[in-house]
Amino acid sequence: MRKRMQCKSNNHGKGGATMKNIIINTGNYSAAKAAVMAKPDVVAAYPITPQTTLVESIANYIASGEYKGEYICVESEHSAMSACIGASATGVRTFTATSSHGLLHMHEMLHWAALARLPVIMCNINRVIGPGWNIWADENDSISQRDTGWIQFYCSSNQEIFDTVIQAFKLGEHKDVALPVMINYNAFILSHTSMPAEIPSQKEIDDYLGKYQPLWRIDPENPVTFGNIIMPADYEKVRRAMQYAHENAKRLIPEIAQDWKKKFGRFNGNLIEKYRCEDAEVILLAMGAIAAESKVSIDNLRKEGYKIGLARVRTFRPFPAEEIVKLAKKTELIVIDRNISCGYEGALFTEVKSALYNKSDAKVSGFIAGLGGKDVTYNHIEDMCKKAIKGKLKETVWYGFEEVKK
Amino acid sequence: MAIKDLPDTEYVLAGSAACPGCPATIGLRIVLKALGKNTVMIVPACCTAVIESVYPNTSFDIPVMNIAFEAAAAGASGVEAGLRMQGKKDTTVFAWAGDGGTYDIGIQALSGAIERQTNFIYICYNNQIYSNTGIQRSGATPLGAWTTTTVGGKTEVRKEMGDIIRAHHLPYAAQACISYPEDLYNKVKKAKSIKGPKYIEILAPCPPGWHFPMEKTVDMGVLAIETGAWALYEFENEKMIFNGKSKLLLEKKIEPKPVEEWIKYQGRFRHLFKPTRDEKTLKAIQDNTDIIWERYRKCYL
Ligand SMILES: Cc1ncc(C[n+]2csc(CCOP(=O)(O)OP(=O)(O)O)c2C)c(N)n1
Ligand code: SF4
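Top line first, the protein sequences correspond to chains A and B.
Going letter by letter, the first sequence gives residues 1 to 406 in the working numbering.
Going letter by letter, the second sequence gives residues 1001 to 1301 in the working numbering.
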């Protein structure tokens, strides 16, 4: 097992004068810690690099007695999601984790969980899809699951992973949402990199989350058939209700995070995290690890005199269209995608432009960068920003290939 | 126990969407009488997902969770764990799937759930085809049978699912047939009383799928047993016990009828008789049945 470091530090933030428990560990460990602290009754998961250390941590928590849930060691990811669906349908809290091919193997059941309105909570470690085999960071796995009805978060630090996993239970289980939630973070850059994360006490988490009250459950006292044949008019109602649930999530994500801030002094929670956007003339939009790296670039560009800010998109579904329109009032936008919808362009680039349609004619430039886990450093990001500001980029630019013939 | 001694309570309600003469509803009626009210059923894509009727109505008086075609056993694992974690340990969780969802697309999830010792009953009603989608071949379709995807008759023999299941060394497995309700009832009752994974497969002659008149469903099951095209048995504590006429066949106390006596009533084998008799295939079908029984005798007598 991975070495686990813990330290106690004085609390300089808000929220009381107690000693804080800070762990220094990987993104996967932070996710596992959050998951077991949320006390899901059932975890069903199947190993895949780079998710393995997360599920191994959960197995260790069971072995040590710290976590008392049931871990179903299924024989595939399709079964992992099916078992989570079955368990969730009985009205208990469920959790799973996967990555890349595992997520794709779940595809059918991702739709099923969302349409059944079951708040299964899942971490997905964004990893390349084969062939060829490659285990590094790339967001095409979760982007390709965009339309499954899941809420999708993209995290940029281990603290954010911890906070988001806990908040995801609160959000997904909220009666106005009742949807599964996927917490995404980049392979290795976060999953296997140690960073400090502050961990509240178990009692604090218990108080914050409360007991799960399901909207529906399998119950022999109430013999109902779930998911049988449904006629078009009723089916359309089901989809419409899901859409409303996503709208509700847009409202609730910041509310839930505000509540978190009141209790724990940290705010990891808006649909978009704005960084130095106040007087910006240019705003960079990105997700995940590239967005975290971008903060350094923004600081450097600011020093050089560029009036630039960062809008880190945390939720891809629901998509923060209204916030993006607000951002684009006085600025031009630059989008970096660590994914490509082949035949068109990066997914975030498409979504940003569609959000602006008829509402803003802000210039938007799009870059594809870091596919296959290729390194994207703050230097690269600064370079992309400068190119976009100077140039009249019309189509998606593959960063690093500008001079290469098609 | 005689048929008249089966409980009166009906959990399969009148007015379902099943075809007349449907073996799935016959089987399910008996199964649910044995399992009783405190039962949860998991149904993958199959005829039963249609028989259930259209939302917001239902044909069943127990809670039912529908799940994707290949996911019955995995979904049941989750339901079992979820109920157990809430202390509801006396609820019986059972999956009810067709042979397509069992032999073919769902075999991985089924194998996984049995290997993990999931405390549930998996029941396959085997109509030897994909009926829901309009009669395509499955791994359970017998040699020579016509389906829409084996237009000239199936050229391969059916899978011996029982062997695959027994290779998991589970506490209880059984083969039954809708034509022998007391036998089926007792097997389900026994499965309910045992902890761990239980597998029961029910032969389910399907009038539109096999092309025989709808009033002949039960007769087709009886002939399957009498010809040895299907066997009734139980597998408990690593021991095989054959039941009823199958026991007599195994011990050679009665002669099996020729398999032809079973297939000649089924339109799906008509091409073997008309316009001319296909002696080669008819012999292959009989030989294959004989081989299966010789193997049974070698292993279990
Ligand atoms: C993944 C997937 N592939 C295909 C189907 C289409 N499909 C639905 S039911 C079915 C056949 C079911 O056959 P079986 O399990 O034998 O049950 P029966 O219809 O005979 O009752 C098929 C192919 C599906 N629902 N899901
Ligand atoms: S096709 Fe066969 S199994 Fe399906 S409902 Fe009709 S009779 Fe029953």
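C-beta atoms are modelled at their ideal positions from N, C-alpha and C, and glycine is treated no differently.
With distances taken between CB atoms, is the gap from A1097 of chain B to C1124 of chain B smaller than 8 Å?
In contact: A1097 of chain B and C1124 of chain B (Cβ atoms closer than 8 Å).
Beta strand (DSSP E) containing G69 of chain A: first to last residue?
Where G69 of chain A is concerned, there is no enclosing beta strand (DSSP E), because DSSP gives it neither an H nor an E.
First and last residue of the uninterrupted alpha helix (DSSP H) at Y1233 of chain B
Secondary structure note for Y1233 of chain B: it is in no alpha helix (DSSP H), and the uninterrupted beta strand (DSSP E) holding it is Y1233 to E1236.
Closest to G408 of chain A by CA distance: which of A:G86, A:P131, A:Q51 and A:E56 is it?
Absent from the structure is residue 408 of chain A, since the part of chain A shown begins at 1 and ends at 406.
Within 10 angstroms of its Cβ, does W133 of chain A collect 16 or more other Cβ (buried), or is it exposed?
Burial state of W133 of chain A is exposed, judged by a 10 Å Cβ sphere holding fewer than 16 other Cβ atoms.
C-beta neighbour in chain B for S9 of chain A, strict 8 Å
Note on S9 of chain A: pLDDT 42, under 50, position unreliable in the model; the coordinate value appears next. For S9 of chain A, the answer is no, since every Cβ of chain B falls outside 8 Å of its Cβ.
Residues bridged to F1242 of chain B by DSSP?
In DSSP, F1242 of chain B forms a bridge with B:Y1233.
Going along chain D in order, which residues have a C-beta closer than 8 Å to the C-beta of C123 of chain A?
The question asks about chain D, but that chain is absent: this structure's protein chains are A and B.
Skipping 5 residues on each side, what residues in its chain have a beta carbon closer than 8 Å to that of A38 of chain A?
For A38 of chain A, the CB contacts under 8 Å within the same chain, skipping 5 residues up- and downstream, are R93, F95, I121, V165, I166, F169, I205 and L209 in chain order.
Does R4 of chain A have its Cβ less than 8 Å from a Cβ in chain B?
The pLDDT assigned to R4 of chain A is 42, lower than 50, so where the model puts this residue is not dependable, and the model offers no usable value.
Which complete alpha helix (DSSP H) runs does the region 118-173 of chain A hold, if anything under 4 residues is left out?
Whole alpha helix (DSSP H) segments, 4+ residues: 140-143 and 158-173.
Residues of its chain near A1071 of chain B, where Cβ-Cβ distance is below 8 Å and the 5 sequence neighbours each way are ignored:
Excluding its 5 nearest sequence neighbours in each direction, A1071 of chain B has C-beta neighbours in its own chain below 8 Å: P1044, G1106 and A1109, listed in chain order.
Alpha-carbon to alpha-carbon, K387 of chain A and L190 of chain A:
Whole-angstrom Cα-Cα distance: 28 Å.
For D207 of chain A, count neighbouring C-beta atoms within 10 Å of its own C-beta (all shown protein chains included) and say buried if the count is 16 or more, exposed if not.
Under this definition D207 of chain A is an exposed residue.
Does the beta-carbon of P1063 of chain B have 16 or more other beta-carbons within 10 angstroms, so that it is buried, or is it exposed?
When all chains shown are included, P1063 of chain B counts as buried.
Report, in whole angstroms, the separation of the C-beta atoms of D486 of chain A and G346 of chain A, which I expect to be a contact under 8 Å.
Only positions 1 to 406 of chain A appear in this structure, which leaves residue 486 of chain A out of reach.
Sequence-distant residues of the same chain with beta carbon closer than 6 Å to E1234 of chain B, five excluded per side:
Only A1174 and I1241 meet the Cβ criterion.
Is A1018 of chain B near ligand 2, with its Cβ less than 7 Å from a heavy atom?
Under cutoff, so the answer is yes.
Members of the region 52-67 of chain A near chain B, C-beta cut-off 9 Å
For chain B, none of the residues of the region 52-67 of chain A brings a beta carbon within less than 9 Å of one of its beta carbons.
What separation, rounded to the nearest whole angstrom, lies between the Cα atoms of C1019 of chain B and Y357 of chain A?
C1019 of chain B and Y357 of chain A: Cα-Cα distance of roughly 53 Å.
Say whether chain B places a C-beta atom closer than 8 Å to the C-beta of E173 of chain A.
No Cβ of chain B is located within less than 8 Å of the beta carbon of E173 of chain A.
Could you check whether the Cβ of N228 of chain A sits closer than 7 Å to any heavy atom belonging to ligand 2?
Outside the cutoff, so no.
Looking only at its own chain, which residues have a Cβ that is under 6 Å from the Cβ of E1238 of chain B, when we skip the five neighbours before and after it?
If we look at E1238 of chain B and ignore the five residues flanking it on each side, it has no Cβ neighbours.
Tell me, please, whether the CB atom of G149 of chain A is closer than 8 Å to any CB atom in chain B?
No, no contact with chain B.
Does the distance between the C-beta of E198 of chain A and the nearest non-hydrogen atom of ligand 1 fall short of 7 Å?
No, since every heavy atom of ligand 1 falls outside the 7 Å radius drawn around the Cβ of E198 of chain A.
In the DSSP assignment, what are the bridge partners of I1197 of chain B?
Just to set this straight, residue 1197 of chain B is Pro in the shown sequence, not Ile. Bridge partners of P1197 of chain B: B:F1120.
Rounded to a whole number of angstroms, what is the C-alpha to C-alpha distance between I1305 of chain B and R1029 of chain B?
Because chain B in this structure spans residues 1001 to 1301, residue 1305 of chain B falls outside the shown range and cannot be described.
Do Y1296 of chain B and A1229 of chain B come within 8 Å of each other at the CB atom, strictly closer than that value?
With respect to the 8 Å criterion, A1229 of chain B and Y1296 of chain B are not classified as neighbours on the basis of their beta carbons.
Any heavy atom of ligand 2 closer than 7 Å to the CB of N1127 of chain B?
Yes, the beta carbon of N1127 of chain B sits closer than 7 Å to at least one heavy atom of ligand 2.
For Q1136 of chain B: DSSP bridge partner residues
Partner(s): B:Y1130.
Give the C-beta separation of I334 of chain A and M384 of chain A to the nearest angstrom, bearing in mind that I take them to be a contact with Cβ-Cβ under 8 Å.
Under the criterion of beta carbons closer than 8 Å, I334 of chain A and M384 of chain A qualify as touching, at roughly 7 Å.
In whole angstroms, what separates the C-alpha of A1140 of chain B from that of F226 of chain A?
Rounded to the nearest angstrom, the gap between the Cα atoms of A1140 of chain B and F226 of chain A is 28 Å.
What in chain B is Cβ-close to P214 of chain A, meaning under 9 Å?
Listed by position along chain B, the residues whose Cβ is nearer than 9 Å to that of P214 of chain A form an empty set, because the closest Cβ is around 10 Å away.
Can you tell me whether DSSP reads P196 of chain A as helix, strand or coil?
Correct three-state label for P196 of chain A: strand.
Give the single residue among A:R314, A:E351, A:D279 and A:A35 whose Cα lies nearest to the Cα of G305 of chain A.
G305 of chain A has its Cα closest to that of A:D279, out of A:R314, A:E351, A:D279 and A:A35.
If you check the beta carbons only, do I1115 of chain B and M1161 of chain B fall under 8 Å apart?
The sequence given here places Glu at residue 1115 of chain B; Ile does not occur at that position. Cβ atoms of E1115 of chain B and M1161 of chain B: not closer than 8 Å.
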